[in-house]
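S.K.: Numbering (UniProt numbering), first residue to last: 1 to 550.
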Amino acid sequence: WLIYEEPGFQGVPLMLEPGEYPNLAFWEKKEAYIRSMRPLKMGGRKVEFSGDPKVIIYEKPCFEGRHVEIESEIFILDDKESEEKTRLPLTSVGSMKVLGGLWVAYEKPGFEGHQYLLEEGAYRDWTDWGGYDEQLQSLRPIIGDFTSSHMIMYSEKDFGSKGSNINVLGIISNLKDTGYGLRTQSINVLSGVWVAYENPEFTGEQYVLAKGLYPSIEAWGGKNCKISSVQPIIMDIVGSERGKVKVQLFSEPEFKGKCQILEKNTRCIDSFPVKSSKILGGSCIVYDQEEFSGNQYVLEEGIYPDLTAMGCSPQAVLKSLRIINIELSEPCIALFEKVGFQGKKMEFSTEILNLQFLGYNPRIASVQVLGGIWIIYEHSNYRGRQMLLLPNEIPDWHKVSGYCQIGSLRPLLQKRVYFRLRNKETGKFMSADGNLDNLNLLRIQVAEDTDSDDQIWVYQDGFIRCRMAEDCCLTIVGNLITPGSKLGLSFERNEDKQYWHISPDGRIYSKMKPQLVLDIKGGAQYDRDHVIVNTVNEEKLTQCWEPLVV
1 WLIYEEPGFQ
11 GVPLMLEPGE
21 YPNLAFWEKK
31 EAYIRSMRPL
41 KMGGRKVEFS
51 GDPKVIIYEK
61 PCFEGRHVEI
71 ESEIFILDDK
81 ESEEKTRLPL
91 TSVGSMKVLG
101 GLWVAYEKPG
111 FEGHQYLLEE
121 GAYRDWTDWG
131 GYDEQLQSLR
141 PIIGDFTSSH
151 MIMYSEKDFG
161 SKGSNINVLG
171 IISNLKDTGY
181 GLRTQSINVL
191 SGVWVAYENP
201 EFTGEQYVLA
211 KGLYPSIEAW
221 GGKNCKISSV
231 QPIIMDIVGS
241 ERGKVKVQLF
251 SEPEFKGKCQ
261 ILEKNTRCID
271 SFPVKSSKIL
281 GGSCIVYDQE
291 EFSGNQYVLE
301 EGIYPDLTAM
311 GCSPQAVLKS
321 LRIINIELSE
331 PCIALFEKVG
341 FQGKKMEFST
351 EILNLQFLGY
361 NPRIASVQVL
371 GGIWIIYEHS
381 NYRGRQMLLL
391 PNEIPDWHKV
401 SGYCQIGSLR
411 PLLQKRVYFR
421 LRNKETGKFM
431 SADGNLDNLN
441 LLRIQVAEDT
451 DSDDQIWVYQ
461 DGFIRCRMAE
471 DCCLTIVGNL
481 ITPGSKLGLS
491 FERNEDKQYW
501 HISPDGRIYS
511 KMKPQLVLDI
521 KGGAQYDRDH
531 VIVNTVNEEK
541 LTQCWEPLVV
């Protein structure tokens with residue numbers, strides 16, 4: 001527990017661990033005044049159902065009185081000027097239940113005043129959310145990617161270079177200990193969502209910081225420039241819904257009427273005509289015919305209040321749905337002017353809004369998807385019929401698609417996900433073995449499933465990072481890179497030997513030496529389970545890895 005001498009969790013906190021305290025010797029004071037206390041939540045702030053924000057607001061404490069369910073921001077709770085049909089049935093907040101997502105409640109209308117971070121859980125009264133008083137007049141969900149956290153804090157306004165700055169990647173309980181100091185006047189949140197606190201040990205006034213630029217203290221609602229502790233909000237990946245696709249279909253526009261939840265491929269949607277939808281995680285394809293046939297409509301994570309928003313005509317009837325699985329290979333596609341991959345070749349790795357405008361002939365005869373997942377559109381500006389393509393070869397594009405041209409195309413955006421790498425030959429998982437205090441002695445090897453962070457990885461921008469040390473990345477050990485070289489972890493330095501390419505067939509190539517892939521050393525020596533780089537051999541299954549999303 002954290003106990004405080006002042007109300008409202010103010011003053012220097014004292015932490016009490018499990019046990020009995022028969023006297024005040026632990027406090028080093030003759031008299032003790034306890035005016036507020038709260039349980040210490042180990043591991044920092046977490047969110048599990050980030051894609052489905054939902055909160056129930058009750059008029060009175062202990063979940064009594066009138067209540068209303070909220071799924072989007074409330075600019076002002078007691079809005080007398082709003083229309084009768086949109087006005088909320090209550091004017092005060094006595095208690096709340098946060099069913100999904102992460103929310104920020106504000107003391108005043110318009111997201112002003114004291115800020116209160118609301119995690120998933122129940123709040124019986126205003127003291128449960130750490131309120132200064134009973135006032136709460138606006139709230140909104142936090143939208144962001146909680147898997148990666150990085151921000152830069154500056155002591156001067158407008159990210160001035162004359163003062164000091166600090167790169168922050170994780171929890172800091174007291175910024176004074178870092179040498180940076182307690183004065184912060186601007187912040188650049190590069191990724192993730194953060195909570196900054198006025199006092200050490202995550203106490204006092206708190207400010208929620210989402211991705212973006214904060215050139216002054218007014219931008220985050222600060223009363224002064226003092227920030228003493230910070231912590232990121234992280235995705236609770238153990239047992240969470242991350243990586244799992246969840247689709248809500250509604251029988252009426254604006255998410256009204258009957259609701260059906262789908263989490264797997266559905267050959268026939270026969271419950272009701274779909275008029276709106278919510279994609280709460282991942283992506284999917286919906287079809288206007290059964291058995292995954294007919295016109296395709298790719299739906300990425302987000303909300304679609306009507307059929308037009310989903311890219312369909314108002315008269316469309318959706319009949320089947322297919323889940324889009326994660327593809328870790330980097331986007332690359334080749335278009336050919338003749339069938340059988342003959343004639344002129346056009347290769348792309350990024351989105352193309354208008355193929356003809358860039359000087360290319362839009363009449364395409366064959367397609368090779370070399371990596372990533374691509375959405376192909378018949379016309380420019382992502383219009384017309386669309387088709388989703390996985391890594392594959394299509395020797396006759398017209399025969400498969402029904403049309404002869406490609407007007408625009410783009411790779412499917414995918415959030416980064418955590419995964420385990422299982423070797424297809426041994427069934428063992430790639431693991432980081434060693435002490436993070438001495439990276440030179442740490443090695444990468446395969447081991448049985450331990451369900452621990454040293455077997456959980458993430459791939460982004462060519463780097464493979466381990467969950468237990470995300471500021472480090474997979475690298476080839478030593479300066480002489482040859483078949484048999486071992487692997488380790490090192491801090492990111494943008495070195496060529498730290499970059500990797502994951503192919504659709506499960507091989508992981510070194511970008512520095514493309515003829516080398518990850519392999520298991522083998523043999524009978526002590527290091528037989530070590531992961532090495534080795535020359536590509538199509539016959540060796542030890543060079544093939546299967547990513548299993550956590």
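Glycine included, C-beta positions come from ideal geometry on N, C-alpha and C. The structure displayed is predicted, hence computed values, not measured ones.
Are the CB atoms of G281 and K246 within a distance shorter than 7 Å?
M.R.: In the sequence shown, residue 246 corresponds to position 246, counting from 1. In the sequence shown, residue 281 corresponds to position 281, counting from 1. For K246 and G281, yes; Cβs fall inside 7 Å.
S.K.: So the beta strand (DSSP E) K399 belongs to, where does it begin and stop?
M.R.: By one-based count along the sequence shown, residue 399 stands at place 399. Element bounds for K399: not the beta strand (DSSP E) but the alpha helix (DSSP H), 397–401.
S.K.: Terminal residues of the continuous beta strand (DSSP E) containing S138?
M.R.: Counted from its first residue, the sequence shown places residue 138 at position 138. 138–141 is the span of the beta strand (DSSP E), which, as asked, contains S138.
S.K.: Might you give, ordered along the chain, the residues of its own chain that have their beta carbon closer than 7 Å to the beta carbon of T86, omitting 5 neighbours on each side?
M.R.: Looking up residue 86 in the sequence shown gives position 86. At T86, the pLDDT of 47 sits below 50, so the modelled position is not reliable and the matter cannot be decided from this model.
S.K.: Output the boundary residues of the beta strand (DSSP E) element that contains Q248.
M.R.: On the sequence shown, residue 248 is found 248 positions in, with the first residue counted as 1. Residues 246–252.
S.K.: Under the rule that 16 or more other beta-carbon atoms within 10 Å means buried, what is V477, buried or exposed?
M.R.: Here residue 477 is taken as the residue at index 477 of the sequence shown, counted from 1. Label assigned to V477: buried.
S.K.: State the DSSP-derived secondary structure class of Q115, mapped to helix, strand or coil.
M.R.: Along the sequence shown, one-based indexing puts residue 115 at 115. In the structure shown, Q115 sits in a strand (DSSP, three-state: E or B).
S.K.: Would G100 be called buried (16 or more neighbouring beta carbons within 10 Å of its own) or exposed?
M.R.: Reading the sequence shown from its first residue, position 100 is the one you call residue 100. Answer is buried; the Cβ neighbour count reaches 16.
S.K.: So, L182 versus L175, is the Cβ gap smaller than 7 Å?
M.R.: Within the sequence shown, numbered from 1, the residue matching residue 182 stands at position 182. Within the sequence shown, numbered from 1, the residue matching residue 175 stands at position 175. Yes, these two residues count as a Cβ contact at 7 Å.
S.K.: Measure the Cβ-Cβ separation of I456 and R467 and say whether it is below 7 Å.
M.R.: Locating residue 456 in the sequence shown gives position 456, counting from the first residue. Locating residue 467 in the sequence shown gives position 467, counting from the first residue. Going by C-beta atoms, I456 is nearer than 7 Å to R467.
S.K.: Helix, strand or coil: how does DSSP classify I217 here?
M.R.: Within the sequence shown, the letter at position 217 stands for residue 217. Helix at I217.
S.K.: Can you tell me whether E538 is helix, strand or coil according to DSSP?
M.R.: The sequence position of residue 538 within the sequence shown is 538, counting from 1. Here E538 sits in coil by DSSP.
S.K.: Let me make sure I understand the geometry here. Which of I352, K344, S349 has the alpha-carbon closest to that of I364?
M.R.: Taking the first residue of the sequence shown as 1, we reach residue 364 at position 364. Nearest C-alpha to I364: K344.
S.K.: Mapping the DSSP letters down to three states, classify D453 as helix, strand or coil.
M.R.: Walking along the sequence shown from the start, residue 453 turns up at place 453. DSSP places D453 in helix when its eight states are reduced to three.
S.K.: What does the alpha-carbon distance come out to for the pair I508 and A524?
M.R.: Within the sequence shown, residue 508 is the residue found at index 508, counting from 1. Within the sequence shown, residue 524 is the residue found at index 524, counting from 1. Near 24 Å, if we compare the C-alpha coordinates of A524 and I508.
S.K.: Alpha carbon to alpha carbon, what distance is there between Q356 and C284?
M.R.: The residue labelled residue 284 in the question sits at position 284 within the sequence shown. The residue labelled residue 356 in the question sits at position 356 within the sequence shown. C284 and Q356: Cα-Cα distance of roughly 29 Å.
S.K.: Report the residue from G294, S95, P411, F272 whose alpha carbon sits nearest the alpha carbon of Q135.
M.R.: Counting from one through the sequence shown, the residue named residue 135 turns up at place 135. It is S95.
S.K.: Would you list the one or two residues that DSSP bridges to F463?
M.R.: Taking the first residue of the sequence shown as 1, we reach residue 463 at position 463. Per DSSP, Q460.
S.K.: Which value, in whole angstroms, describes the spacing of the CA atoms of L541 and Y459?
M.R.: Counted from its first residue, the sequence shown places residue 541 at position 541. Counted from its first residue, the sequence shown places residue 459 at position 459. When rounded, the distance between both Cα atoms is 22 Å.
S.K.: Let me make sure I understand the geometry here. Which of W374, S349, K244 has the alpha-carbon closest to that of Y418?
M.R.: As a working note, residue 418 is residue 418 in the sequence shown. Checking every option, the nearest Cα to that of Y418 belongs to K244.
S.K.: At the level of alpha carbons, what is the spacing between L489 and E495?
M.R.: Translated into positions along the sequence shown, residue 489 becomes position 489. Translated into positions along the sequence shown, residue 495 becomes position 495. The straight-line gap from Cα to Cα measures roughly 13 Å.
S.K.: Along the chain, which unbroken stretches of the beta strand (DSSP E) at least 3 residues long are found entirely within the region 145–185?
M.R.: The qualifying runs are 150–154, 165–168.
S.K.: Closest by CA to L213, which one among E201, G121, P331, W194?
M.R.: Taking the first residue of the sequence shown as position 1, residue 213 is located at position 213. Of E201, G121, P331, W194, the residue nearest in Cα terms is W194.
S.K.: Near E69, what residues of its chain come up, given a Cβ to Cβ distance below 7 Å and the 5 sequence neighbours on each side ignored?
M.R.: By one-based count along the sequence shown, residue 69 stands at place 69. K54, I56.
S.K.: Out of G204, E378, S191, point me to the one whose CA is closest to L117's CA.
M.R.: The residue you call residue 117 lines up with position 117 of the sequence shown. Comparing Cα-Cα distances from L117 to each of G204, E378, S191, the minimum goes to G204.
S.K.: What residue does the beta strand (DSSP E) around D288 start on, and which one ends it?
M.R.: Start at 1 with the first residue of the sequence shown, and residue 288 comes out as number 288. Taken as a continuous stretch (DSSP letters only), the beta strand (DSSP E) holding D288 covers 283–289.
S.K.: Provide the residue span of the beta strand (DSSP E) that contains T475, from first to last.
M.R.: Counted from its first residue, the sequence shown places residue 475 at position 475. Counting along the chain, the beta strand (DSSP E) containing T475 begins and ends at 472–476.
S.K.: Taking Cβ to Cβ, would you say S276 is nearer than 7 Å to F292?
M.R.: Here residue 276 is taken as the residue at index 276 of the sequence shown, counted from 1. Here residue 292 is taken as the residue at index 292 of the sequence shown, counted from 1. Not in contact: S276 and F292 (Cβ atoms no closer than 7 Å).
S.K.: Identify, in the order they occur along the chain, each residue of the same chain with its Cβ nearer than 7 Å to the Cβ of Q296, setting aside the five sequence neighbours on each side.
M.R.: For this step, residue 296 is matched to residue 296 along the sequence shown. Counting only Cβ-Cβ distances below 7 Å, and skipping sequence neighbours, we find I285, Y287, Q386, M387, L388.
S.K.: Does the contact criterion of 3 or more C-beta pairs under 8 Å hold for the region 312–322 versus the region 254–274?
M.R.: The answer is yes - the region 254–274 touches the region 312–322, with three or more Cβ pairs under 8 Å.
S.K.: Over the uninterrupted beta strand (DSSP E) stretch that includes V98, give me the two end residues.
M.R.: Here residue 98 corresponds to residue number 98 of the sequence shown, with the count starting at 1. Run containing V98: 95–100, per the beta strand (DSSP E) assignment.
S.K.: On the premise that S329 lies in contact with P411, defined as a C-beta separation below 8 Å, what is that separation, rounded to the nearest angstrom?
M.R.: On the sequence shown, position 411 is the one that residue 411 refers to. On the sequence shown, position 329 is the one that residue 329 refers to. No, P411 and S329 are not in contact; Cβ-Cβ is about 10 Å, not under 8 Å.
S.K.: From the DSSP output, which residues share a beta bridge with M387?
M.R.: As a position in the sequence shown, residue 387 is number 387, starting the count at 1. Paired residue(s): I376.
S.K.: Evaluate R420 with the Cβ neighbour count: other Cβ atoms within 10 Å of its Cβ, from every protein chain shown; 16 or more gives buried, anything less gives exposed.
M.R.: As a position in the sequence shown, residue 420 is number 420, starting the count at 1. Buried, since its Cβ has 16 or more Cβ neighbours within 10 Å.
S.K.: Between E112 and the rest of its own chain, which residues show a CB-CB distance below 8 Å, the 5 nearest in sequence each way excluded?
M.R.: Here residue 112 refers to the residue found at position 112 when the sequence shown is read from its first residue. The residues are Y106, S138, G221.
S.K.: Which of the three DSSP states is assigned to D437 in this structure?
M.R.: Here residue 437 refers to the residue found at position 437 of the sequence shown. Coil.
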